[in-house]
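Peer 1: The structure follows.
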């Protein structure tokens with residue numbers, strides 16, 4: 001556990017809590033966090049997670065724009081639900097991404113857990129994309145991904161990060177509850 005990991009973890013908690021509250025400041029705070037975590041994951045040879053953080057940086061900017069200027073009125077997106085075909089398409093893209101990235105990491109790198117890390121990376125991207133668009137289904141996907149991340153980080157002795165992802169799991173459960181009750185989803 002390093003000071004850098006501690007600082008990144010604190011920013012992560014703040015960013016996810018703000019996301020649950022639908023506060024757009026979650027995005028710039030999250031941007032700093034993911035840049036710090038890209039370095040942390042590089043140091044422990046979790047290359048898929050490192051690359052994930054770089055992509056997250058771009059998605060943080062996209063999410064910030066969507067939440068502040070997106071939507072039909074350009075005043076930010078409301079919470080919405082994915083239709084079944086779009087849900088299946090996102091999950092299929094996550095599975096395909098898992099296979100492609102896992103094969104690449106297993107073949108061309110010394111990644112510690114190439115297949116698991118790749119699957120978590122691919123499905124995290126799907127969840128992050130859905131979150132940027134304020135899709136309520138992002139939260140149950142985050143719960144599943146975060147629980148598995150906890151085990152991976154314990155295995156890699158990143159105990160503070162494991163604790164952070166356990167907290168992310170609890171925040172994702174709260175986010176799911178909160179967003180499902182959002183007035184935009186009520187008939």
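Numbering (full-length UniProt numbering), first residue to last: 1 to 187.
We put the beta carbon where it would ideally sit given N, CA and C, even for glycine.
Quick caveat: nothing in here was measured; it's all calculated off a predicted structure.
Suppose you measure from the CA of residue 155 to the CA of residue 162; what does that come to, to the nearest Å?
Peer 2: Roughly 9 Å between the two C-alpha positions.
Peer 1: Between residue 125 and chain B, is there a C-beta pair that is closer than 9 Å?
Peer 2: Of the protein chains in this structure there is only one, and it is not chain B.
Peer 1: Can you tell me whether residue 69 is buried or exposed? The criterion is at least 16 other CB atoms within 10 Å of its CB, across all chains shown.
Peer 2: With fewer than 16 Cβ atoms within 10 Å of its Cβ, residue 69 is classed as exposed.
Peer 1: Give the single residue among 45, 81, 57 and 11 whose Cα lies nearest to the Cα of residue 124.
Peer 2: Among 45, 81, 57 and 11, the Cα nearest to that of residue 124 is on 57.
Peer 1: Identify whether residue 77 lies in helix, strand or coil by the three-state DSSP scheme.
Peer 2: In this structure, residue 77 counts as coil in the three-state DSSP scheme.
Peer 1: Which value, in whole angstroms, describes the spacing of the CA atoms of residue 159 and residue 187?
Peer 2: If I take the Cα positions, the gap works out to 43 Å.
Peer 1: Taking the runs of the alpha helix (DSSP H) that are 4 residues or longer, which of them lie wholly in the stretch 20 to 99?
Peer 2: Runs of the alpha helix (DSSP H) inside the stretch 20 to 99: 26 to 43 and 47 to 69.
Peer 1: For the stretch 47 to 61 against the stretch 22 to 31, do three or more pairs of beta-carbon atoms, one drawn from each stretch, fall closer than 8 Å, so that the two count as touching?
Peer 2: With the cut-off at 8 Å, the stretch 47 to 61 and the stretch 22 to 31 touch.
Peer 1: Near residue 130, which residues of its chain fall below 8 Å by C-beta distance, leaving aside the five closest residues on each side in sequence?
Peer 2: The answer, listed in chain order, is 82, 90, 137, 138 and 141.
Peer 1: Using only the alpha-carbon positions, how far apart do residue 18 and residue 153 sit?
Peer 2: For residue 18 and residue 153, the distance between alpha carbons rounds to 24 Å.
Peer 1: Taking the straight line between their C-alpha atoms, what separation do you get for residue 10 and residue 170?
Peer 2: Spanning the two alpha carbons is a distance of roughly 15 Å.
Peer 1: Can you name the residues that DSSP bridges to residue 135?
Peer 2: Paired residue(s): 80.
Peer 1: Can you give me the C-alpha to C-alpha distance between residue 104 and residue 183, rounded to a whole angstrom?
Peer 2: Approximately 44 Å, taken between the alpha carbons.
Peer 1: Suppose the cutoff is 8 Å on Cβ atoms and the five residues either side in sequence are ignored; what does the same chain contact list for residue 185 look like?
Peer 2: Same-chain partners within the cutoff: 79, 80, 81, 136 and 179.
Peer 1: Can you give the beta carbon distance from residue 145 to residue 120, rounded, assuming they're within the 8 Å contact cut?
Peer 2: The pair is a contact, with the Cβ atoms about 6 Å apart (cut-off 8 Å).
Peer 1: In terms of alpha-carbon separation, which member of 167, 76, 147 and 99 lies closest to residue 133?
Peer 2: When only C-alpha atoms are compared, the closest one is 76.
Peer 1: How would you label residue 5, buried or exposed, when you count the other beta carbons within 10 angstroms and need 16 or more for buried?
Peer 2: Buried.
Peer 1: Report the residue from 55, 22, 174 and 20 whose alpha carbon sits nearest the alpha carbon of residue 37.
Peer 2: Ranking the options by Cα distance to residue 37, first place goes to 55.
Peer 1: Please report the straight-line C-alpha distance between residue 97 and residue 126, rounded to a whole angstrom.
Peer 2: Cα to Cα, the separation comes out at about 10 Å.
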